[in-house]
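> In order, the protein sequence lines correspond to chains A and B.
Taking my numbering, the leading residue of the first sequence gets 598, the next gets one more, and so forth.
Taking my numbering, the leading residue of the second sequence gets 598, the next gets one more, and so forth.
Below you'll find the structure I mean.
There are 2 protein chains.
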Amino acid sequence: MELETLCREAKAAKYEVQKLSTAQKDEALQRIAALLTEKAADIIAANDLDMKNAQEKGMSPALQDRLRLSEARIAAMSEGLLQVAALPDPVGEVLEHFERPNGLKLDKVRVPLGVIGIIYESRPNVTADAFALTFKSGNAVILKGGSDAIHSNTAITAVIREGLKQAGITEHAISLIGSTDRETTRAFMQMRDYVDVLIPRGSAGLIRSVVENSRIPVIETGAGNCHIYIDAAADAEIAKQIIVNAKTQRLGVCNACESLVVHEKVMETVFPAVAKALKEKEVELRADEKALAACDLCVPADEADFAAEYLDLMISVKTVKDIDEAIAHINRYSTHHSEAIITADEKNAEKFLKEIDSACVYVNASTRFTDGFEFGFGAEIGISTQMLHARGPMGLKELTTYKYQIHGNGQVRG
Amino acid sequence: MELETLCREAKAAKYEVQKLSTAQKDEALQRIAALLTEKAADIIAANDLDMKNAQEKGMSPALQDRLRLSEARIAAMSEGLLQVAALPDPVGEVLEHFERPNGLKLDKVRVPLGVIGIIYESRPNVTADAFALTFKSGNAVILKGGSDAIHSNTAITAVIREGLKQAGITEHAISLIGSTDRETTRAFMQMRDYVDVLIPRGSAGLIRSVVENSRIPVIETGAGNCHIYIDAAADAEIAKQIIVNAKTQRLGVCNACESLVVHEKVMETVFPAVAKALKEKEVELRADEKALAACDLCVPADEADFAAEYLDLMISVKTVKDIDEAIAHINRYSTHHSEAIITADEKNAEKFLKEIDSACVYVNASTRFTDGFEFGFGAEIGISTQMLHARGPMGLKELTTYKYQIHGNGQVRG
């Protein structure tokens, strides 16, 4: 079976990629970056086929824009590879060293995860991006992209493989699954013998489907029903600036604010100014009864609004009588991505930081900062919203695991 | 539905347990330790019911011994709780602190995983043990034990809950699933909305079933086809001592050695003495052709032997022409638990440490040291053989995750 062969080759390749030195990896990334620019015309020709299919299918202009590649976009892809090449190599870092009374010397050492599977949707730039991050962190990658971008992804993968070959590195360090049908995707998610980790990137529906069907361990990413809580001790101006930024600076992203939680004491003081600023940005406020009573800029919310990730010009508004109710509400409806409190009260700030069960918890800052680049990681493969392995922005380090290397001189257990 | 109610209560309890101070947790563990001794008669009475059923079912004497509780065993359980109480609390540790140019201050802080589900087989002491470890690390636990031990587990859980109640802590910090049928187990493995992590403890069959059927993220533990490689530069005496220890010191454990890999250069020098020492311990050596030719103490191996975790008086023997072939053989057949090289050659030792893809890799020491206590963790919930989250012995730290706590003063994203 072709898929199983591809997975077996990736598993064999992981042992080769793990052995590469930092210099070998960086040189290969630089070579591939140059080759992408050189071969831009080939990639654009392949992308034209995808664009033609998209137009025939009547794809929306927004999605067509995500799919389209130009010389400038390929140059950006190439630049991305160079940036990853310039990042420090996480592999080989000694995380801990300890010795036991019997003389055993233990090193806990950072090592690659192995074979990483990535299932994603239409943006073809993910192909180069995901390769760069997984390769620099010493992993082999198997990509399963969407049918809309299959010609673009195939062309980009071919260029990467050519670059690897020129650098004397196994081209199975990257594989693209050629079939984009559902059966292949399902079969891929069963390849536990070959694939160490699966990372879905894309819509909530895609991620749910992977979580529900995969037998390979999954890192769940992306869904963000992010809350901002306006505490009784909130500064009105800070609240307004942060909330407008978190809701409207970019709508379709997982770290955008989708839910406001408002202390009843500031419902008639701070909240109306926030609501007015949001309305000026054309945001619809879907509010509970108390907020509706306090501010005529809102429309009624129903239960589903409190759980919604709108990714659009809407926000839900919930009134609470104290910080405990705010925390309980957020922990109930949140997707455990990013939440913020606006407050001048240090005790409440610390309580919120401690008790909110999310990957990133902010005091007086926008949730939009949950991002690998904003955190200074220099790269990002996604934002984890699960508890195991990694939480929040995942950079190169989060694409590694560890092993214990133990030196003895004949020790046996008594 | 009763199971869902139980899971929902555990989820509510996790937010309470997360808030407990170290002193509150330690006091509760001490109180429960005392109560277990006090109520030993009740627990033994319940255990008698399980023992009676076991005898009627014709359970093997070895399994009956695992199931049996006595005052001494209950005292050991109680002592175990006191030991966990004395361990440092991992929760709240600041793993990293960094500041960004925009003034954001980030702390990466260790936090509990949340609700941990544990599916295990007949040993009732796991009930107290798993509670102690998950509780001390700030988690709520849901236990699903085997039907053989249901009365014992119910009695132990009742004592723990009474102790929690006396300490003023929610008794939903521990829950035992009352039904032990397969349908309940399957339903439990779908409770992703409530349970953050599932850890199976028990036979390879149990673990496989959980890995294949769970929609909750799983930490795979336990299976150990551990290899020892006798390098060309091996010291014969060290090889003999370590291999006899790793194979025979305790047979039924996951860190016992199941496979020998022998460099052809020492097949006629070092190996025969090792084989003789193993035969004296009644170990059957199942060997490939070259080993058979070199040593008349062996019987022929077939392909399945190289993948077997015997947990018994057998060991497989594979001849290799060099260290690269040894590494390739081990990476192919290993369960990625623990492997060792016996060598006086430092370069080969470092190559083996680097290229073997297992949680614990040893130079000149027995694989039997892969153990939370031997590593100095003071406790162990299992040995992870997967890549995500934790590898090797899992103590209290491995039952935690992290979150980012971020202090700002009005930062918005530009």
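Built from N, CA and C at the ideal position, the CB exists for glycine as well.
DSSP on N928 (chain B), reduced to helix/strand/coil?
In this structure, N928 (chain B) counts as helix in the three-state DSSP scheme.
> Determine, for I1003 (chain A), whether the minimum Cβ-Cβ distance to residues of chain B falls below 7 Å.
True, the Cβ-Cβ gap to chain B drops below 7 Å.
> What is the DSSP secondary structure of L950 (chain B), reduced to helix, strand or coil?
L950 (chain B) falls in the helix class under three-state DSSP.
> Suppose the cutoff is 7 Å on Cβ atoms and the five residues either side in sequence are ignored; what does the same chain contact list for F785 (chain B) look like?
So the list reads L600, G714, K741 and I774, once near-sequence residues are dropped.
> Of the residues that make up the stretch 798-816 of chain B, which ones have a beta carbon closer than 8 Å to any beta carbon in chain A?
From the stretch 798-816 of chain B, only V808, E809, R812, P814, V815 and I816 have a Cβ closer than 8 Å to chain A.
> How far does the beta strand (DSSP E) with P709 (chain B) in it extend, from its first residue to its last?
Counting along the chain, the beta strand (DSSP E) containing P709 (chain B) begins and ends at K702 to P709.
> If we count the other Cβ atoms within 10 Å of its Cβ and call it buried at 16 or more, is Q1002 (chain A) buried or exposed?
So Q1002 (chain A) counts as buried.
> Can you tell me which of the three DSSP states M648 (chain B) falls into?
The answer is helix: DSSP assigns M648 (chain B) an H, G or I state.
> Which chain B residues sit within Cβ distance under 9 Å of L950 (chain A)?
Those are D704, V706, K1000, Q1002, I1003 and H1004, listed as they occur along chain B.
> Could you have a look at G1007 (chain B) and say whether DSSP puts it in helix, strand or coil?
Looking at G1007 (chain B) - three-state DSSP - the assignment turns out to be strand.
> In chain order, what residues of the same chain lie with their CB nearer than 8 Å to the CB of K876 (chain B), ignoring the 5 residues before and after it?
Here the set comprises L882 and L894.
> Considering just the uninterrupted stretch of the alpha helix (DSSP H) at K887 (chain A), what are its terminal residues?
First-last of the alpha helix (DSSP H) with K887 (chain A): E886 to A891.
> To the nearest angstrom, report how far apart G1011 (chain B) and A625 (chain A) are at their CA atoms.
Approximately 34 Å, taken between the alpha carbons.
> Distance, Cα to Cα, A879 (chain B) vs Q621 (chain B)?
What sits at residue 879 (chain B) in the sequence shown is Glu, not Ala. Their backbone Cα atoms lie some 51 Å apart in a straight line.
> Within its chain, find whatever has a CB closer than 6 Å to the CB of A643 (chain A); leave out the 5 residues flanking it on each side and keep chain order.
Counting only Cβ-Cβ distances below 6 Å, and skipping sequence neighbours, we find H748, S749 and A752.
> Using C-beta distances below 7 Å, list every residue in its chain close to Q1008 (chain A), excluding the 5 sequence neighbours before and after it, in chain order.
Hits under 7 Å: N699, G700 and L701.
> Taking P709 (chain A) as the reference, which of A:L679, A:K608 and A:I804 has the closest Cα?
Nearest C-alpha to P709 (chain A): A:K608.
> Can you tell me whether DSSP reads N842 (chain B) as helix, strand or coil?
Helix at N842 (chain B).
> With 9 Å as the C-beta to C-beta threshold (strictly closer), list the residues of the stretch 913-925 of chain A near chain B in chain order.
The residues in question are I924 and A925.
> Please work out which residues of its chain come closer than 6 Å, Cβ to Cβ, to S772 (chain B), disregarding the five sequence neighbours upstream and downstream, and give them in chain order.
Excluding positions up to five away in sequence, the list reads L603, A607 and I739.
> Between which residues of its own chain and Y791 (chain B) is the CB-CB distance below 7 Å, once the five residues before and five after are set aside?
The answer, listed in chain order, is C604, R605, A607, K608 and V712.
> M984 (chain A) touches chain B at which residues, Cβ-Cβ below 7 Å?
Per Cβ cutoff of 7 Å: L710, G711, D793, V794 and T998.
> From B:L703, B:A829 and B:A651, pick the residue whose C-alpha is nearest to that of G969 (chain A); which is it?
For the residues B:L703, B:A829 and B:A651, the minimum Cα distance to G969 (chain A) belongs to B:L703.
> List, from N- to C-terminal side, the alpha helix (DSSP H) runs of 4 residues or more that fit wholly inside the stretch 789-836 of chain B.
Here the runs fully enclosed are 801-810.
> Just to make sure I have the definition right: I need the residues of chain B whose C-beta is within less than 8 Å of the C-beta of Q838 (chain A). Which are they?
Neighbours of Q838 (chain A) on chain B, chain order: G1007 and V1009.
> Tell me which residues share the same chain as G677 (chain A) and place their Cβ nearer than 7 Å to its Cβ, disregarding the 5 neighbours each side in the sequence.
Closer than 7 Å at Cβ, skipping near neighbours: A725, D726 and A729.
> For Y959 (chain B), go through chain A and note every residue whose CB falls closer than 7 Å to its CB, in chain order.
Within 7 Å Cβ-Cβ: I1003 and G1005.
> Taking all protein chains shown into account, decide if S657 (chain B) is buried (16 or more other Cβ within 10 angstroms of its Cβ) or exposed.
By the neighbour-count rule (16 or more Cβ atoms within 10 Å), S657 (chain B) is not buried but exposed.
> Write down the C-beta distance between H986 (chain A) and A956 (chain A) rounded to the nearest angstrom, noting that I regard them as a contact closer than 8 Å.
In fact, because the Cβ distance is near 12 Å, the residues do not count as touching under 8 Å.
> Nearest to A669 (chain B) by CA position, among B:E635, B:G989 and B:Q838, is which residue?
Answer by Cα proximity: B:E635.
> For chain A, check one thing: does any of its Cβ atoms lie closer than 7 Å to the Cβ of I835 (chain B)?
So yes, I835 (chain B) belongs to the interface.
> Against Q661 (chain B), what residues of chain A qualify as contacts under a CB-to-CB distance less than 8 Å, listed in chain order?
Simply none; closest approach about 27 Å.
> For a test of the three-state rule: what should DSSP assign to L740 (chain B), helix, strand or coil?
Strand, per DSSP.
> What three-state label does DSSP hand Y675 (chain A) in the structure shown?
Checking the sequence, you will find Ser at residue 675 (chain A) rather than Tyr. Three-state result, S675 (chain A): helix.
> Between A737 (chain B) and chain A, is there a C-beta pair that is closer than 7 Å?
For A737 (chain B), the answer is no, since every Cβ of chain A falls outside 7 Å of its Cβ.
> Does the CB of N842 (chain B) have a neighbour CB from chain A at under 7 Å?
Closer than 7 Å: yes.
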